[in-house]
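Contents: one structure, followed by commentary.
There are 2 protein chains.
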Amino acid sequence: MGRQRMAEAGKAPKIVGTVAELRSAVADYRRAGETLGFVPTMGALHEGHIALVKQAQTLADRVVVSIFVNPTQFAPNEDFSRYPRTFDADVDKLAQAGCDLVYAPGREDMYPAGFSTGISIAGPAQGLESDFRPHFFSGVAIVVAKLLLQTAADVAVFGEKDYQQLRVVTQMARDLDLPVRIVPGPTVRESDGLALSSRNRYLTPEERTVAPVIHRALTTAAIAIKAGAVPDAAAAEAEATIARAGLKVDYVAARNAETLAPLASPDEPVRLLAAAWLGTTRLIDNIGV
Amino acid sequence: MGRQRMAEAGKAPKIVGTVAELRSAVADYRRAGETLGFVPTMGALHEGHIALVKQAQTLADRVVVSIFVNPTQFAPNEDFSRYPRTFDADVDKLAQAGCDLVYAPGREDMYPAGFSTGISIAGPAQGLESDFRPHFFSGVAIVVAKLLLQTAADVAVFGEKDYQQLRVVTQMARDLDLPVRIVPGPTVRESDGLALSSRNRYLTPEERTVAPVIHRALTTAAIAIKAGAVPDAAAAEAEATIARAGLKVDYVAARNAETLAPLASPDEPVRLLAAAWLGTTRLIDNIGV
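These protein sequences, in sequence, are chains A and B. Quick note, the first sequence lines up with residues -15 to 273 if you use my numbering. Quick note, the second sequence lines up with residues -15 to 273 if you use my numbering.
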């Protein structure tokens, strides 16, 4: 399979725009006995996305990537209209990566007139992002549920960069008995530690030099916790560091790495998560302890 | 296929209690190239359920019936604990009908600890039942979504007896891109018109003689509408008839047969729907015009 992938890298992927075309292409793979991996994206692809595609290639015979800027996960005051659309460049990158199929539905394909269904998730969706973007996970849940059911993938890779989203999607897939395995993909970073994000392109050159403070502060906190510091105290120190660098902090928190509940015992696996504004750009990041 | 079914009638169906066993049995059917029909029930089976099973047999090679009294669609003050459980008799009836597979999960199989996901449906779920059982359709939606995803059936049959539920499930399947066809099954009635229902066994002999008034009143209203009466006026007359018979009416309404929205034009397809209490038993029924 690795050989086949190498041979196909650079070949333009098939591009489909409707559920019917998608299912027809997937049915061809199935008839050939091939398994299917899936990476959902909102386009504006960077090396972090490509790493997820390459990871999916190690897990399945074929890989489909969706490109859909999902309106339901943006609040009216957020950056939906400003969000970068770079479709041709995205397809070039996916061709280089050897992606088999690009699924780029229109808004009316995903949410036709009369659309009436919502999905809510408690548990890992509570707090953190939800305290600042209360609409966000209902928007993510409905679009991810639809995409997983449309593609009928065997395995889907979600980046750890959006760690709470990863936990929410994992919970939803389990609760709804979606017949798919959700696999986390490690965060890809610039050499100075900044997590790759489609929103990094909003940063001014000056802001770009400041942005790695989030990762540095979380790393310092993780080292302190491993050395015995109280997680909440270490998170508070990271928050102070990030604020001193001039960012407006939404949250810096130490949470149970699986449930994302506040820590209750010293034996729990810990994840440090942060969100902060640098000028008009909201950055999020997280790290395991 | 009809012949195979006849041959198998009376043979005890396979009974499974977990998703893993269910999926294993379904995988056997799939390997044999067989299609799968599905009829979800809460047990307490009567001829109405059996008619749905027989309908499913005309639509698919194999039929699975689930038996699960779903706690999430009962409010705390409703009849969850009192709801009839007649598992052995149910399996006998399903054996007679030639059902292939009975799926009877436990509560903890469906809703394990930490379960966190909810589904809400606007559109057809608004009003009618929701005005009196506000929890009902969220409970139905989550259990039906899970059952459809667990069984991975090609086609599922839902009785028109629960007409609003049928419309809600149809809307959900469309909105979530569930890869299943939802097919309505006609209501089965006693000779005096009473719609078969598991809850009819709650009725006293005296109440049982009164109960057919709902169907009679709806039928009279449907005839009047076909003859030119204003639907809302005909529904009001049916409501008065049912109330005069001593029932406490929750609603009698004429609605758009597909969206269940109030009628706005004379060309819409009309459905008459009613819910009323007879003593401590809540009865629902509906009829097309």
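Cβ atoms here follow ideal geometry from the backbone N, Cα and C, with glycine treated the same way.
Burial state of A:Lys(-5) is exposed, judged by a 10 Å Cβ sphere holding fewer than 16 other Cβ atoms. When the five nearest sequence neighbours on each side are left out, the beta carbons in the same chain lying within less than 8 Å of the beta carbon of A:Arg173 are those of Ala179, Leu180 and His199, in order along the chain. Residue-level contact check: A:Pro163 touches chain B, since one or more beta carbons of chain B fall below 8 Å from its beta carbon.
For the pair A:Pro(-3) and A:Val86, the CB atoms are nearer than the 8 Å cut-off.
When Cβ-Cβ separations below 8 Å define contact, B:Ile51 makes no contact with chain A. In the structure shown, the three-state DSSP call for B:Val273 is coil.
Where A:Thr203 is concerned, the enclosing alpha helix (DSSP H) starts and stops at Val197 to Lys210. Under the Cβ distance rule, B:Asp159 counts among the residues neighbouring chain A, one pair being separated by less than 8 Å. Interface with chain B (8 Å Cβ-Cβ cutoff): A:Gln155 is included. By the neighbour-count definition (other C-beta atoms within 10 Å, threshold 16), A:Gln57 is a buried residue. Rounded to whole angstroms, B:Asp269 and B:Lys145 show a C-alpha spacing of 6 Å. Residues of the same chain with a CB within less than 8 Å of the CB of B:Val3, apart from the 5 flanking positions on each side, are Pro89, Asp93 and Gln134 in chain order. Closer than 9 Å at the C-beta level to chain A, one finds these residues of the stretch 2 to 14 of chain B: Val3 and Arg7. Annotation: the continuous alpha helix (DSSP H) that includes A:Pro189 extends over Pro189 to Val194.
Taking a cut-off of 8 Å on C-beta distances, the stretch 162 to 177 of chain B does not touch the stretch 108 to 120 of chain B, as fewer than three cross pairs fall below it. In this structure B:Thr25 does not touch B:Ile(-1) by the C-beta definition: roughly 14 Å separates them, more than the 8 Å allowed. A distance below 6 Å between beta-carbons, with the five flanking residues on each side excluded, links A:Glu252 to the following residues of its chain, in chain order: Asn240. With fewer than 16 other beta carbons inside 10 angstroms of its own, A:Thr264 counts as exposed. Closest in alpha carbon position to B:Ala258, among B:Ala195, B:Ala213, B:Lys210 and B:Val214, is B:Ala195. Residues of chain A with a Cβ closer than 7 Å to the Cβ of B:Leu133 are, in chain order, Leu160, Asp161, Leu162 and Pro163. Within the same chain, Cβ atoms closer than 8 Å to the Cβ of A:Ala219 are found at Ala205, Val236, Ala237, Ala238 and Leu256, the five residues on either side in sequence being excluded. In this structure, the CA atom of A:His33 is about 31 Å from the CA atom of A:Glu221. Taking the Cα of A:Phe64 as reference, the smallest distance to any Cα among A:Ala16, A:Thr193, A:Gly27 and A:Pro246 is reached at A:Gly27. Inclusion of B:Glu242 and B:Arg151 in the CB contact set at 8 Å is warranted, their separation being smaller than that value. Take the alpha-carbon of A:Glu31 and the one of A:Ser182: they are about 10 Å apart.
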